[in-house]
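S.K.: Below are the structure tokens for one structure; questions will follow.
Number of protein chains: 2
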Amino acid sequence: MSQKYATRAEDYSKWYNELVYRADLAEHSDVRGCMVIKPYGYAIWEKMKEILDKKFKETGHSNAYFPLFIPKSYLSKEASHVDGFAKECAVVTHYRLKNAEDGSGVIVDPTAKLEEELIVRPTSETIIWNSYKNWIQSYRDLPILINQWANVVRWEMRTRLFLRTAEFLWQEGHTAHATKEEAIKEAELMLDVYADFAENYMAMPVLKGRKTESERFAGAADTLCIEAMMQDGKALQAGTSHFLGQNFAKAFDVKFADKEGKLEYVWATSWGVSTRLMGALIMTHSDDEGLVLPPALAPIQVVAVPIHRTDEELAAINAKMTELSEDLKKRGISFKYDNDDNRRPGWKFAEYESKGVPVRVAMGPRDLENGKAEIARRDMKTKEIVDFDGLGDYIENLLNEIQQNLLNKSMVYRTENTRTIDSYEEFKKEIDKGGFFLAHWDGTAETEAKVKEETQATIRCIPFDSNEQQGKCMVTGKPSKGRVVFAKAY
Amino acid sequence: MSQKYATRAEDYSKWYNELVYRADLAEHSDVRGCMVIKPYGYAIWEKMKEILDKKFKETGHSNAYFPLFIPKSYLSKEASHVDGFAKECAVVTHYRLKNAEDGSGVIVDPTAKLEEELIVRPTSETIIWNSYKNWIQSYRDLPILINQWANVVRWEMRTRLFLRTAEFLWQEGHTAHATKEEAIKEAELMLDVYADFAENYMAMPVLKGRKTESERFAGAADTLCIEAMMQDGKALQAGTSHFLGQNFAKAFDVKFADKEGKLEYVWATSWGVSTRLMGALIMTHSDDEGLVLPPALAPIQVVAVPIHRTDEELAAINAKMTELSEDLKKRGISFKYDNDDNRRPGWKFAEYESKGVPVRVAMGPRDLENGKAEIARRDMKTKEIVDFDGLGDYIENLLNEIQQNLLNKSMVYRTENTRTIDSYEEFKKEIDKGGFFLAHWDGTAETEAKVKEETQATIRCIPFDSNEQQGKCMVTGKPSKGRVVFAKAY
């Protein structure tokens, strides 16, 4: 590969952008802030969707579909929601174009103005609760456990592929419950589903916790989140699960009759993950040579490349690879055999390395003679000569090992970059080096805002598992109920 | 069921609308023309998607995702395309709302006006070919075989659930080829995929053919289609596959270097089916009691209901049903056991009948004693007492039989309602009775328009298989190359 790419150390941001192009995952479109997700990138997203969808169904949820457009007035119904979402959004004002009289093309037809403008959904609480209003009369209609896979639009000024785009793909769960307890349990359950997915499929360790009030979802009573650490030490919010209290039920007047016939407002949750997870996946594992994928999410888990001079050699290798292909297929391992004669093996090696294929098999005439194959693993960039007999077993084990190794590596990285800190002076010096900082905080929005203003670091979460230890706020010295996680974030 | 519903004979259109609500498939939203697809309806659509997606992948296609928004000027680039699609569409003109100064809510921020308006995609040829331009340099980059699952918006004035809605869900394939022949073959292949899906999964026979020039997709050189007949004798276009020639390649200047290095415009196809198929499915099989579903697309294929007086009886039936559940699960048959004590068996029978569950199992104390179960099939509304031993085999066979029976029934219906006709006078008398009319046509747009104006019937397609027989146009008496299919249509 003659082209020189930025390394993580040189320019992390450039490395990321180049990697997304190099691995052929996505590209910027001509439409401001909107990306094109290319087939290879979309194949990874499809794997994510498939696994998550199965988990949602196993936990009792069904999919449904609600309108793309939200009447402008709906956004105003929930007071804090409108502040969070009504500002930067795509507004549909007209429903017709017409030919320009001067023949220059088409123009908006001024007579086709909508009475009420429509907003392209930035999230669907309002439009969904407007429907739930008609679906819920009695406790017998509860719970409602619905998920939607959809595109949403938030008019972002500064966009980055996968991490922050005007349009993105996501799922949004919206549930309705008869009791507060049940709704809280639901929000916690879905956070666990996300955490399990992050760790066991993405091989990405996450901290579970809750957001501070100022970082909460607009309209939520409580926002739970999973936070991951990227290789530049920055935090990335990978998923959120909101306990919405009765806020949307009140805004849309959704009541149910309980067993005694008494009318009560319904309790709600919403939860979502998006194509942002693609960015998290890329930044957790990839290296200077390109994408590194955990086997559980790799569209191609194993690629094989023949190395031959003659047609006879190729034919013999082809036969062996057909054998391997059948073996791997039975094991449910996705395999690609690339014997395209237009490309040299060296080109192919670099190509599949860029694309993060976990295992590469190469076979040449000498391997053939000796009953061997060369196995390269993408995560460690190591190679081994292995017996062709039993290769299926070997590869199956290797894929499991790679999956585990990637999780371990990221765990170690996170541990090494997580520090307990008590002095705000030190914090200010250290924060630019990246990583998570466990520090005491006095629980006020003022202190939180001060830290953000002075260091650009935010409280990523109040972690579930470190809330016991009392102490003094690193900034004000006031009492603190426990350490929270500060970091700079995406 | 105390509620009285319209029958097909009384009011076909009312019957359809009521059925969609009754079976809990979808409902109108408060957003003009946009529907909410409810979980049960969405589950059927998911089955359709899953089967189609598999077929697309088996024929070499990959999924990708392109932006929701299309810059207004793109639509003008392909001359006939703009006439077909630019007219009734959702136009985004602003990207921000702000709080009204009088505190009355939010208003569109006039300072946040887009320089160029964005259109919510009515179809994606233009935005996709604008990307393909950068992806294609040489014959080595071809073919590109991409599909997209997406929502699209066409501002329809008169909407009907599933059949015609402002927003709908669909897939759109967009392929690029080095030769005309290859592109034509692709368009034909995908039409075959659609026809196979319609007949073997939807149990809906379809005519394959091509559209006349005036019925072609805006921008296509040739539009192939599958046409189905609904129970009111009207035609429904169930899917289209377009050979686009070099129209979009020329509009977006997409050329490739062939093996000799000569630059040529790329050849294209596009093809799509949508949630309209849900409407087709409903109208092909359902009856006055509600939805009838072919087993291949039924979210619940078998439902079982216990009929008991005592808890002991229920426990014994529960045990039998657990046995049946395990058996059916092994066979890949989806099974629901509804032993909810809040509802009576009669209510449940009516409910699952409305929802079109293909097979219902009922078991009471006497059945239990005799080792029997009562099996009701939804398509024929017949019941049988069957030995519990071997019930798995019985049900598996029955599901296949129902699938086949539904296809046969619709085939017979279509045959009975397809007529060969030579007199335009007779045609004008008969057309209101519904059905397909095979008639000679002189091949002119004038005659086609005259028939449409005088009878509201259109040429649904020039069928592939009846193009040999020459004759005289039923309207003008001029020579005709073969009979075409006239019908009133959805």
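One line per chain: the protein sequences are U and Y, in this order. Okay, so the first sequence: first residue is 1 according to the numbering used here, each after it adds one. Okay, so the second sequence: first residue is 1001 according to the numbering used here, each after it adds one. Just so it is clear, CB atoms sit at the ideal spot from N, CA and C, and this is done for glycine as well. All of these numbers come straight from a predicted model, not from anything done at the bench.
#1: Within its chain, find whatever has a CB closer than 8 Å to the CB of Glu-323/U; leave out the 5 residues flanking it on each side and keep chain order.
#2: Using Cβ-Cβ distances below 9 Å, what residues of the region 1034–1047 of chain Y are close to chain U?
#3: At 9 Å on the CB atoms, spell out the chain Y contacts of Asp-30/U, in chain order.
#4: Return the CA-CA distance between Met-1001/Y and Leu-1161/Y, expressed in angstroms with no decimal places.
#5: Could you pull the start and end residues of the beta strand (DSSP E) that Asn-99/U belongs to?
#6: Going by DSSP in three states, His-1440/Y sits in which element: helix, strand or coil?
#7: Give the single residue among Phe-335/U, Glu-117/U and Val-193/U whose Cα lies nearest to the Cα of Arg-1032/Y.
#8: Relative to the C-alpha of Asp-387/U, which candidate in Leu-399/U, Ala-112/U, Met-363/U and Ser-410/U has its C-alpha closest?
#9: Hey, is Met-1001/Y's beta-carbon within less than 9 Å of any beta-carbon in chain U?
#10: Tell me, which residues are paired with Ser-1062/Y by DSSP?
#11: Classify Ser-13/U as buried or exposed, calling it buried when 16 or more other Cβ atoms lie within 10 Å of its own Cβ.
#12: Can you give the beta carbon distance from Asn-1417/Y to Gly-1233/Y, rounded, assuming they're within the 8 Å contact cut?
#13: Mind pulling the chain Y residues with CB within less than 7 Å of Val-82/U?
#14: So if I threshold CB-CB distances at 8 Å, which residues from the region 136–162 of chain U count as touching chain Y?
#15: Are the CB atoms of Leu-406/U and Pro-294/U within a distance shorter than 9 Å?
#16: CB Leu-1169/Y to CB Ile-119/U, shorter than 9 Å?
#17: With contact counted as at least three CB pairs below 8 Å, one residue from each stretch, are the region 281–300 of chain U and the region 14–25 of chain U in contact?
#18: Would Thr-1223/Y count as contacting chain U if we go by Cβ distances under 9 Å?
#19: Taking all protein chains shown into account, decide if Asn-342/U is buried (16 or more other Cβ within 10 angstroms of its Cβ) or exposed.
#20: Can you list, in chain order, the residues of its chain whose CB lies under 6 Å from that of Phe-1252/Y, leaving out five sequence neighbours each side?
#21: Rank Tyr-265/U, Leu-277/U and Thr-275/U by C-alpha distance to the C-alpha of Ser-138/U and give the top, closest one.
#22: What are the boundary residues of the alpha helix (DSSP H) that Pro-171/U is part of?
#23: Classify Val-1412/Y: buried if its beta carbon has 16 or more other beta carbons within 10 angstroms, exposed otherwise.
#24: Establish whether the CB of Val-91/U and some CB of chain Y are separated by less than 9 Å.
#25: What does the Cβ neighbour count give for Ile-375/U, buried or exposed, with the cut at 16 atoms within 10 Å?
#26: Assign Val-451/U to one of three DSSP states: helix, strand, or coil.
#27: Just tell me which of Thr-1212/Y, Thr-1444/Y and Asn-1339/Y has its CA closest to the CA of Ala-1319/Y.
#28: Give the C-beta separation of Trp-520/U and Cys-89/U to the nearest angstrom, bearing in mind that I take them to be a contact with Cβ-Cβ under 8 Å.
#29: Compare the beta carbon distance of Gln-1062/Y and Asn-1147/Y with 9 Å and say whether it is the shorter of the two.
#30: Taking Cβ-Cβ distances shorter than 7 Å, what residues in chain Y pair up with His-94/U?
#31: Considering only C-alpha positions, which residue in the set Asn-1408/Y, Lys-1049/Y and Glu-1010/Y is nearest to Gly-1276/Y?
#32: Please confirm whether Ile-1431/Y and Glu-1448/Y have their CB atoms less than 9 Å apart.
#33: With a threshold of 9 Å between beta-carbons, can Ser-1013/Y be considered close to chain U, or not?
#34: Can Tyr-337/U and Val-303/U be called in contact, C-beta distance under 9 Å?
#35: Helix, strand or coil for Met-1/U? Go by DSSP, reduced to three states.
#36: If you draw a straight line from the C-alpha of Asn-408/U to the C-alpha of Gly-435/U, how long is it?
M.R.: Concretely, from the data shown:
#1: Within the same chain, Glu-323/U has no close Cβ partners at all.
#2: Listed in chain order, the positions of the region 1034–1047 of chain Y with a beta carbon within less than 9 Å of a beta carbon of chain U are Cys-1034, Met-1035, Val-1036, Ile-1037, Lys-1038, Pro-1039, Tyr-1040, Gly-1041, Tyr-1042, Ala-1043, Trp-1045 and Glu-1046.
#3: Result: Pro-1067, Pro-1071, Tyr-1074, Ile-1127, Asn-1130 and Ser-1131.
#4: A caution first: Met-1001/Y carries a pLDDT of 46, below 50, which makes its placement in the model too unreliable to give a value.
#5: Per DSSP, Asn-99/U belongs to the beta strand (DSSP E) from 88–99.
#6: For His-1440/Y, the secondary structure class from DSSP, reduced to helix, strand or coil, is strand.
#7: Arg-1032/Y has its Cα closest to that of Glu-117/U, out of Phe-335/U, Glu-117/U and Val-193/U.
#8: For Asp-387/U, the nearest C-alpha among the options comes from Met-363/U.
#9: Low confidence applies to Met-1001/Y: its pLDDT is 46, below 50, so where it sits in the model is not reliable, and the reading given next is rough at best. No, Met-1001/Y lies away from the interface with chain U (no Cβ there is under 9 Å from its Cβ).
#10: According to DSSP, Ser-1062/Y bridges with Ile-1146/Y.
#11: By the neighbour-count rule (16 or more Cβ atoms within 10 Å), Ser-13/U is not buried but exposed.
#12: The beta-carbon separation of Asn-1417/Y and Gly-1233/Y, rounded to 5 Å, stays under the 8 Å limit for a contact.
#13: Going along chain Y in sequence order, the residues near Val-82/U (Cβ under 7 Å) are Val-1106.
#14: So the close ones are Arg-140, Ile-146, Ala-150, Asn-151, Val-153 and Trp-155.
#15: With contacts defined as CB atoms closer than 9 Å, Pro-294/U and Leu-406/U qualify as a contacting pair.
#16: Between Leu-1169/Y and Ile-119/U, the C-beta gap is not smaller than 9 Å, which leaves the two residues out of contact.
#17: Contact between the region 281–300 of chain U and the region 14–25 of chain U is established, with three or more Cβ pairs separated by less than 8 Å.
#18: No, because no Cβ of chain U sits closer than 9 Å to the Cβ of Thr-1223/Y.
#19: When all chains shown are included, Asn-342/U counts as exposed.
#20: Around Phe-1252/Y: Trp-1129, Asn-1130 and Lys-1133.
#21: Here the closest residue by C-alpha is Tyr-265/U.
#22: According to the sequence displayed, residue 171/U carries Gln and not Pro. From DSSP, Gln-171/U is part of no alpha helix (DSSP H) but of the beta strand (DSSP E) over 167–177.
#23: Using a 10 angstroms sphere on the CB of Val-1412/Y, the tally of other CB atoms stays under 16, which defines it as exposed.
#24: With 9 Å as the cut-off, Val-91/U counts as an interface residue toward chain Y.
#25: Looking at its Cβ environment, which holds 16 or more other Cβ atoms inside 10 Å, Ile-375/U is buried.
#26: In this structure, Val-451/U counts as helix in the three-state DSSP scheme.
#27: By alpha-carbon distance to Ala-1319/Y, the top candidate from Thr-1212/Y, Thr-1444/Y and Asn-1339/Y is Asn-1339/Y.
#28: This structure leaves residue 520/U out entirely; chain U is present only between 1 and 490.
#29: Checking the sequence shown, residue 1062/Y turns out to be Ser, not Gln. Yes, these two residues count as a Cβ contact at 9 Å.
#30: Those within 7 Å of His-94/U in chain Y are Val-1091 and Thr-1093.
#31: It should be noted that the sequence gives Arg, not Gly, for residue 1276/Y. Arg-1276/Y has its Cα closest to that of Lys-1049/Y, out of Asn-1408/Y, Lys-1049/Y and Glu-1010/Y.
#32: No, these two residues do not count as a Cβ contact at 9 Å.
#33: It does not; no Cβ of chain U falls within 9 Å.
#34: Contact annotation: Tyr-337/U and Val-303/U have beta-carbon atoms nearer than 9 Å.
#35: Unreliable positioning characterises Met-1/U in this predicted model, as indicated by a pLDDT of 46, which lies under 50. The coordinate reading is nonetheless provided below. Met-1/U falls in the coil class under three-state DSSP.
#36: The alpha-carbon atoms of Asn-408/U and Gly-435/U are separated by roughly 17 Å.
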